Amino acid sequence: GASPMNPERGKFISVEGGEGAGKSTLLGGLRKAIERHGVAVVQTREPGGTALGERVRGLVLDPALRGIDAQAELLLMFASRAQLLREVIRPALDAGHWVLCDRFTDASYAYQGGGRGQPTAFIADLERWVCTGLQPDLTLLLDVPVAVGRGRVAARGGVDRIEVEADAFFERVRATYRDRAAAEPQRFRVLDASQPPAAVLQAAADAVLALGGACAT
Ligand code: Z5A
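In the numbering used here, the protein residues as written are 71 to 287.
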């Protein structure tokens with residue numbers, strides 16, 4: 071097992087999905103399910119998770135900044151990611167903690183690639199430079215029809231700079247996520263996020279605990 075002198079590297083889990091897929095709803099319960107098995111969990115999010123990242127988040131979600139260029143948006147996502155990797159994710163994994171991240175690089179492929187049309191090859195270049203081969207051990211894709219997800223967000227109220235996009239944008243985001251999951255079935259687990267929250271949590275917890283390393287108590 072992990073010891074302070076020679077801890078086993080922790081597992082890295084990202085949670086992805088379109089608007090209103092239920093990531094925030096899932097994350098608290100998922101964190102508790104992992105902790106119940108004796109594992110220390112660091113929960114974080116993108117963009118965000120550091121002082122710099124949270125300021126970047128404020129910028130990219132600000133409805134007043136309507137003219138943000140698509141390249142600038144992509145670079146801001148990777149700026150937040152570089153800081154989060156350095157400050158939070160790598161140290162936590164090195165210490166043997168598990169990292170639960172609300173979105174990661176797949177979101178850049180889905181939103182800036184699929185949604186905004188930034189070339190996949192450029193995103194892959196940034197990923198190689200910033201992430202240097204570090205990928206989640208498991209990515210949970212909360213898949214839900216666009217109309218269902220958007221309906222949930224509309225019921226909640228308050229729309230950010232990205233949520234104002236047309237349905238076609240979010241259809242491209244969803245398709246990109248699903249294509250990536252199909253291309254990397256060993257990393258992704260696609261969950262039907264139109265199910266009730268308890269069913270989504272159960273499926274997510276099963277997938278996470280199957281990663282092993284958590285001692286049953
Ligand atoms: N972004 C990007 O473009 N590129 C990148 O590289 C990265 C991010 C990393 C912020 O992310 C934005 O950043 C995001 C992508 C972009 N775009 N936008 N806008 P975010 O993840 O913080 O923002 P979000 O996707 O808008 O989150 P959200 O709308 O809050 O969705 P959620 O966390 O998945 O959903 P939720 O808050 O858990 O649930 C939404 C509502 O549905 C709420 O009222 C729940 O009570 C309800 N809900 C949740 N689950 C269920 C189920 N299972 N059944 C019924 N109702 C449910």
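All residues carry an ideal CB built from backbone N, CA and C; glycine is no exception. The structure presented is a predicted model; accordingly, all values stated were derived computationally and were not measured.
- Three or more pairs of CB atoms, one per stretch, sit closer than 8 Å, so the region 82-100 contacts the region 207-221.
- Distance from the CA of Ile104 to the CA of Leu279, rounded to the nearest whole angstrom, comes to 7 Å.
- With fewer than 16 neighbouring CB atoms inside 10 Å of its own CB, Glu78 falls in the exposed class.
- For the region 121-175, the continuous alpha helix (DSSP H) assignments of 4+ residues that do not extend past its boundaries occur at 121-131, 140-154 and 160-164, in sequence order.
- Annotation: Leu163 to Ala263 spans about 28 Å, alpha carbon to alpha carbon.
- By the neighbour-count criterion, in which 16 or more other beta carbons inside 10 Å mark a residue as buried, Ala238 falls on the exposed side.
- In summary, Val229 is exposed, with fewer than 16 beta-carbon neighbours lying within 10 Å of its beta-carbon over all protein chains present.
- For Phe174, the shortest separation between its Cβ and any heavy atom of the ligand Z5A lies below 8 Å.
- Residue state for Leu208 is assigned as strand, using DSSP reduced to three classes.
- Nearest in C-alpha terms to Arg186, of all of Gly119, Ala236, Gln265 and Arg125, is Ala236.
- Around the CB of Trp168, 16 or more other CB atoms lie within 10 Å, so the residue is classed as buried.
- Taken in chain order, the complete alpha helix (DSSP H) segments of 4 residues or longer contained in the region 209-272 are 216-226 and 237-253.
- Sorting Gln113, Val109 and Arg106 by C-alpha distance to the C-alpha of Val85 places Gln113 at the top.
- Take Arg127, set aside five residues on each side of it, and the residues of its chain with a beta-carbon closer than 6 Å to its own are Pro117 and Gly118, in chain order.
- When DSSP states are grouped into helix, strand and coil, Gly99 belongs to the helix group.
- A contact is defined here as three or more CB-CB pairs under 8 Å, and the region 241-249 meets this definition with respect to the region 174-184.
- The three-state secondary structure of Gly282, taken from DSSP, is coil.
- Approximately 7 Å separates the beta-carbon atoms of Leu155 and Cys201; this is inside 8 Å, confirming the contact.
- For Ser84, the beta-bridge partners assigned by DSSP are Cys171 and Thr209.
- Assignment of beta-bridge partners to Thr114 by DSSP yields Cys171.
- Distances taken from the Cβ of Pro117 to the heavy atoms of the ligand Z5A include one shorter than 8 Å.
- Between the C-alpha atoms of Gln256 and Glu197 there is a straight-line separation of about 19 Å.
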